[in-house]
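Read the structure below first, then the notes.
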Amino acid sequence: MERLNKVAQITLFFWIIKILATTLGETLGDLLSMTLNLGYTISLIAISIIFLISLFAQLKAKRFNPFLYWLVIIGTTTLGTEISDFMDRTLGLGYAIGSLILFSALAITLLIWYLKENKLIIYPIQSVRVETFYWIAILFSNSLGTAFGDFLSDDIGLNYLYGAVATGGIIALVVLVHYLTKVNQIVLFWVAFIFTRPFGATFGDLLTKPISKGGLGLGTIPATFITVVLLGLLVFFTRRNHLKNITG
C-alpha cells in the first residue's frame, strides 16, 4: 500500500523543503512579474499553465515521486504569489480583503473535502479525488499565506525580520500545541502550512530587496539560483532515502 502513496510524508525535512519552496516561489514570482517585467496578469497566466501541466503529471503518476511532488508545490507557491499580487495590485482589493477571500476559499475546499470523504487526511493519499482536494487546498493555503505575509509587511509595516519573527512565532506555537496538546493534527498541519508560506517568503524578500529597504540586495536572479540549488540538494537527499525505503 505504501508504494501507492502519492504525497510526501510529514517530517522535519518536509517542512524545511516546504519553506525553501516558498522562498523560491516568492523570488521566482518576482523574477517573472518585475525583473522580466511581464506584469502580474501575464505572469499569472504563464505560471498557471506550468502549474496545471505539472499537476496533471502528478495526478497521473502511479506512486510518489519527490521531484514531481515538489515541482507542484513550487508551482503552488509561485502561483500563490501571482494570485495574491493580482488580487491586490490588478484588482485593487488589498491584502486584507484578499486574505479573507482566500481563507474562505480554503475553508470551503476543506468543508467539501470532508463532506465527500467523511474525513480529511494528509498522508498517505492514494485516490485521485482526495489528491485533487489536497492540491486545491494547498494552492489556497499558499495563496493565503502570501497575502497574509504581504499584509504584515505592506499594510502593518513590519520589516522582513519582524515579519519572519511574527510568522515564526506562530509556527513555534503550532509545534508546541502539537507536542503538548491533543488538538486535531490535521488542523495544525494546515495552520502550519499557511504560515510557513509568509515565513519562507520573508527570506525571499530578505535576499532580493535592496539594502535600503532592509534586504541583502542580491536581486531575484541570484536569489532564485541559490534557492533552486539548496532545494534540489534536499529533494535529491529525500528521494534517495525514499528509494532505500522502497527497496530495503
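The opening position of the sequence shown corresponds to residue 2 in the working numbering, with each subsequent residue numbered one higher. In this text, a Cβ means the ideal position worked out from N, Cα and C, and glycines have one as well. These numbers come from a predicted model, not from an experiment.
Please check the pair residue i and residue j, which I expect to be a contact at CB under 8 angstroms, by giving their CB distance rounded to whole angstroms.
i	j	result
residue 140	residue 81	7 angstroms
residue 87	residue 28	Actually they are not in contact, since the Cβ atoms of residue 87 and residue 28 sit about 18 angstroms apart, beyond 8 angstroms.
residue 198	residue 143	5 angstroms
residue 232	residue 18	7 angstroms
residue 79	residue 26	4 angstroms
For the candidate residues the options, whose alpha-carbon lies nearest to that of residue i?
i	options	result
residue 1	46, 224, 187, 173	Any answer about residue 1 is impossible in this case: the structure gives the chain only from 2 up to 249.
residue 222	33, 111, 116	33
residue 99	72, 117, 147	147
residue 154	53, 67, 192, 214	214
residue 194	65, 56, 107, 63	107
residue 77	51, 184, 92, 102	51
residue 44	13, 60, 68, 83	83
residue 1	226, 95, 159, 183	An answer regarding residue 1 cannot be provided, because it is not within the stretch 2 to 249 covered by the chain.
residue 228	11, 20, 13, 241	20
residue 201	120, 95, 119, 151	151
residue 156	96, 128, 171	96
residue 125	65, 239, 231	65
residue 165	205, 67, 240, 180	205
residue 145	23, 103, 115, 226	103
residue 129	116, 53, 60, 23	60
Please go through the same chain and pick out, in chain order, the residues whose beta-carbon is closer than 6 angstroms to the beta-carbon of residue i, but skip the five residues on each side of it.
i	result
residue 9	15, 70
residue 211	218
residue 2	In this prediction, residue 2 has a pLDDT of 42, which is less than 50 and means its spatial position is unreliable; nothing more can be read from the coordinates.
residue 169	200
residue 239	14, 67
If I measure Cβ to Cβ from residue i and keep anything under 8 angstroms in the same chain, skipping five residues before and after, which residues do I get?
i	result
residue 123	8, 11, 135, 187, 190
residue 62	7, 69
residue 110	134, 137, 138, 141
residue 56	73, 76, 136
Please go through the same chain and pick out, in chain order, the residues whose beta-carbon is closer than 7 angstroms to the beta-carbon of residue i, but skip the five residues on each side of it.
i	result
residue 209	28, 31, 216, 219, 220, 221, 224
residue 58	69
residue 118	131
residue 5	64, 127
residue 207	161, 216, 217
residue 49	80
residue 184	178
Return yes when the C-beta of residue i is under 8 angstroms from any heavy atom of the ligand ATP, and no when it is not.
i	result
residue 5	Looking at this structure, you won't find the ligand ATP or any other ligand, since it has none at all.
Within the region 162–213, ranges of the alpha helix (DSSP H) (whole runs, at least 4 residues): Fully enclosed alpha helix (DSSP H) runs of 4 or longer: 186–209.
Contiguous alpha helix (DSSP H) assignments of at least 4 residues, all confined to the region 77–128: Complete alpha helix (DSSP H) runs here, min 4: 96–118.
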